[in-house]
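Asker:
Numbering (our numbering), first residue to last: 846 to 1365.
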């Protein structure tokens, strides 16, 4: 059993509990807080629409509360399932008062996650309803295993874990690390303990707040303010980062940051931010919880505003590949450096470019949207939900084509097809070539499915499956980059999206001219 805390666009805070679980509220609030009743589809849909959560939150929500029901294939039917759960008696929803007078004195334990360099705060839910600081985010857990792994990453001693139990008022257990971690994970899932993720304060702030005992002494780069909202943030140490990250509050801040980076490049040259080893470690998390994404767009600003972030297929699918601002900011808006980092070949100085900076917090809720790091595993999971039998996909098709072995086969097949000089986007010609190349029916079907994945998702034969872009070897900046991989890339799926111009009017996208620093 677990409780989760969420907020909506109006600043209201809610706690969601499984029906029958005893909620944990301070004594002075127990008579004031009553469960919220969503008695009709309209009110339930409005409640869902206004919640500030990532799309992946609803997948986890459904898995926990659906009681084994089969997930609907279409987004519309899935929305209906969520609404039915919100209306059902499987859950109890409580609106939490936000006034500071309702917040009891803080009883907490603050530590630093030594792997991610994030400040992690633990507090009993009976005395803490919400931290009013705008920077703090609740970390949600949907399984005991998830919570256990999170606690393990803190790398605390047995003595430190025991101090957790005492300070948080939990039942004492044997002096055994695994037992203590397991018991603490259970208490977190029950909702008795709230886990908060904070941006790190500087040393002066730490001293003034009475936290001199914390081992936090400097603010490392982070990948956005959404740590813990329905997913896992990119965890990285940033120990070898050569460019300090600055966390922006809006698109205007982003533009200034990129402008500052440009001056640094002009003065000191381009410096790669992460090593290959660090990039591989970051990509393993698989989730995107960053507020700002960056996409290099072919064409000038006017052309970009008239189109969509991702090319819209006849199916209505409009995915796009990008990276996070935190990954791209060291290259400022230079399209030549970005092309080298993104693996774009044959850079042309005559080709106009612009940069689309996307504020994921401002993106309209009406569009279906999901973002993740495109590894073989993540792409396979998403394809299983998205593709249908009519499109040639069975239960195991995505797993059969999203792996290193088949990636090599598909690359060889497409290289061979390229020699024919025929259109690489014509699915019928691709299938005919597959029939000539192999008389094995199952292999032909897999080739067709892999090509469908390329056409619908944009995963071409260069797709590596590890979530990273490969540096373009013939780029003038390849020597400065000095490694195999450029950035952790992101895959964002949308259906029937708005144009870039419409998104810009809503303050969700900023189009910035992209000009090379070096001439021809």
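Positions of the beta carbon are idealized from the N, C-alpha and C atoms, including for glycine.
Name the one or two DSSP bridge partners that residue 1283 has.
Answerer: Translated into positions along the chain shown, residue 1283 becomes position 438. For residue 1283, which the question treats as bridged, DSSP gives no partner whatsoever.
Asker: Taking the C-alpha atoms as reference points, what is the distance between residue 1159 and residue 1202?
Answerer: For the purposes of this step, residue 1159 is taken as residue 314 along the chain shown, with counting starting at 1. For the purposes of this step, residue 1202 is taken as residue 357 along the chain shown, with counting starting at 1. Distance between the alpha carbons of residue 1159 and residue 1202 is about 26 Å.
Asker: Of the choices 1337, 1266 and 1188, whose alpha-carbon is the least far from that of residue 1309?
Answerer: Start at 1 with the first residue of the chain shown, and residue 1309 comes out as number 464. Among 1337, 1266 and 1188, the Cα nearest to that of residue 1309 belongs to 1188.
Asker: Does the segment 1238 to 1256 come within contact of the segment 1222 to 1230, defined as at least 3 CB pairs closer than 8 Å?
Answerer: Contact holds: three or more Cβ-Cβ distances are below 8 Å.
Asker: Would you list the residues sitting across from residue 853 in a DSSP beta bridge?
Answerer: The sequence position of residue 853 within the chain shown is 8, counting from 1. Its beta-bridge partners are 896.
Asker: For residue 1079, does the count of other Cβ atoms within 10 angstroms reach 16, so buried, or fall short, so exposed?
Answerer: Counted from its first residue, the chain shown places residue 1079 at position 234. Bear in mind that the predicted position of residue 1079 carries a pLDDT of just 34, short of 50, making it unreliable; the figure below should be weighed with that in mind. Buried, by the Cβ-count rule.
Asker: Around the C-beta of residue 1198, are 16 or more other C-beta atoms found within 10 angstroms, so that it is buried, or is it exposed?
Answerer: The residue given as residue 1198 occupies position 353 in the chain shown. Flag for residue 1198 reads buried.
Asker: Do the segment 1160 to 1175 and the segment 1339 to 1353 meet, that is, are 3 or more Cβ pairs less than 8 Å apart?
Answerer: Output reads yes: the segment 1339 to 1353 touches the segment 1160 to 1175.
Asker: If I'm right that residue 1170 touches residue 1135 with Cβ under 8 Å, what's the distance once you round it to whole angstroms?
Answerer: In the chain shown, counting from the first residue as 1, residue 1170 sits at position 325. In the chain shown, counting from the first residue as 1, residue 1135 sits at position 290. Their Cβ separation, rounded to whole angstroms, is 7 Å, which keeps residue 1170 and residue 1135 in contact under 8 Å.
Asker: Roughly how many whole angstroms lie between the Cα atoms of residue 1142 and residue 1181?
Answerer: Looking up residue 1142 in the chain shown gives position 297. Looking up residue 1181 in the chain shown gives position 336. Going from the Cα of residue 1142 to the Cα of residue 1181 covers about 12 Å.
Asker: DSSP state of residue 860, grouped into three classes?
Answerer: On the chain shown, residue 860 is found 15 positions in, with the first residue counted as 1. Three-state DSSP puts residue 860 in a strand.
Asker: How is residue 1190 classed by DSSP in three states: helix, strand or coil?
Answerer: Looking up residue 1190 in the chain shown gives position 345. It is coil, neither helix nor strand.
Asker: Kindly give me the distance between the Cβ atoms of residue 1200 and residue 1357, rounded to whole angstroms, as I take these residues to be in contact under 8 Å.
Answerer: Position 355 of the chain shown holds residue 1200. Position 512 of the chain shown holds residue 1357. Residue 1200 to residue 1357, Cβ: 4 Å. Contact.
Asker: Check residue 1041 in the structure and name its three-state DSSP category.
Answerer: Position 196 of the chain shown, counted from the first residue, corresponds to residue 1041. Residue 1041: strand per DSSP, three-state reduction.
Asker: Compute the Euclidean distance between the alpha carbons of residue 1098 and residue 922, then round it to the nearest angstrom.
Answerer: Sequence index remark: in the chain shown, residue 1098 carries index 253 (1-based). Sequence index remark: in the chain shown, residue 922 carries index 77 (1-based). Rounded to whole angstroms, residue 1098 to residue 922 spans 39 Å at the Cα level.
Asker: Cα-Cα, which of 889, 1007 and 860 is closest to residue 939?
Answerer: Here residue 939 refers to the residue found at position 94 of the chain shown. Selected option, being the one with the closest Cα: 860.
Asker: Is there contact here, the segment 1146 to 1153 with the segment 1344 to 1351, by at least three beta-carbon pairs under 8 Å?
Answerer: Result yes; three or more Cβ-Cβ pairs closer than 8 Å.
Asker: Residue 1112: which of 849, 1232, 1007 and 1362 sits nearest, CA to CA?
Answerer: Against the chain shown, residue 1112 aligns to sequence position 267. The shortest C-alpha separation from residue 1112 is found at 1362.
Asker: For residue 1216, which residues does DSSP report across the bridge?
Answerer: Here residue 1216 corresponds to residue number 371 of the chain shown, with the count starting at 1. BP columns for residue 1216 point to 1337.
Asker: Looking at the structure shown, is residue 1312 part of a helix, part of a strand, or coil, going by DSSP?
Answerer: Stepping through the chain shown from its first residue, residue 1312 is reached at position 467. Note: residue 1312 maps to coil in three-state DSSP.
Asker: What is the DSSP secondary structure of residue 1359, reduced to helix, strand or coil?
Answerer: On the chain shown, position 514 is the one that residue 1359 refers to. DSSP places residue 1359 in strand when its eight states are reduced to three.
Asker: CA-CA distance, residue 1083 and residue 1186?
Answerer: Counting from one through the chain shown, the residue named residue 1083 turns up at place 238. Counting from one through the chain shown, the residue named residue 1186 turns up at place 341. Low per-residue confidence applies at residue 1083: pLDDT is 37, beneath 50, and the placement is therefore not dependable enough to give any value.
Asker: By the DSSP assignment, the alpha helix (DSSP H) with residue 1366 in it spans what residues?
Answerer: Any property of residue 1366 remains undetermined from this structure, which presents the chain solely from 846 to 1365.
Asker: Quick one: Cα of residue 926 to Cα of residue 1283, how far?
Answerer: The count along the chain shown starts at 1 and reaches residue 926 at position 81. The count along the chain shown starts at 1 and reaches residue 1283 at position 438. Residue 926 and residue 1283: Cα-Cα distance of roughly 43 Å.
Asker: Quick check: what's the CA-CA separation for residue 1265 versus residue 1121?
Answerer: In the chain shown, the residue the question calls residue 1265 occupies position 420. In the chain shown, the residue the question calls residue 1121 occupies position 276. C-alpha separation (whole angstroms): 36 Å.
Asker: Please go through the same chain and pick out, in chain order, the residues whose beta-carbon is closer than 6 Å to the beta-carbon of residue 1208, but skip the five residues on each side of it.
Answerer: Translated into the one-based positions of the chain shown, residue 1208 becomes position 363. Counting only Cβ-Cβ distances below 6 Å, and skipping sequence neighbours, we find 1353.
Asker: Residue 1023 to residue 1010, Cα distance in whole Å?
Answerer: Taking the chain shown and counting its residues from 1, the one referred to as residue 1023 is at position 178. Taking the chain shown and counting its residues from 1, the one referred to as residue 1010 is at position 165. Going from the Cα of residue 1023 to the Cα of residue 1010 covers about 14 Å.
Asker: Return the CA-CA distance between residue 1327 and residue 1316, expressed in angstroms with no decimal places.
Answerer: If you number the chain shown from 1, residue 1327 lands on position 482. If you number the chain shown from 1, residue 1316 lands on position 471. Roughly 9 Å between the two C-alpha positions.
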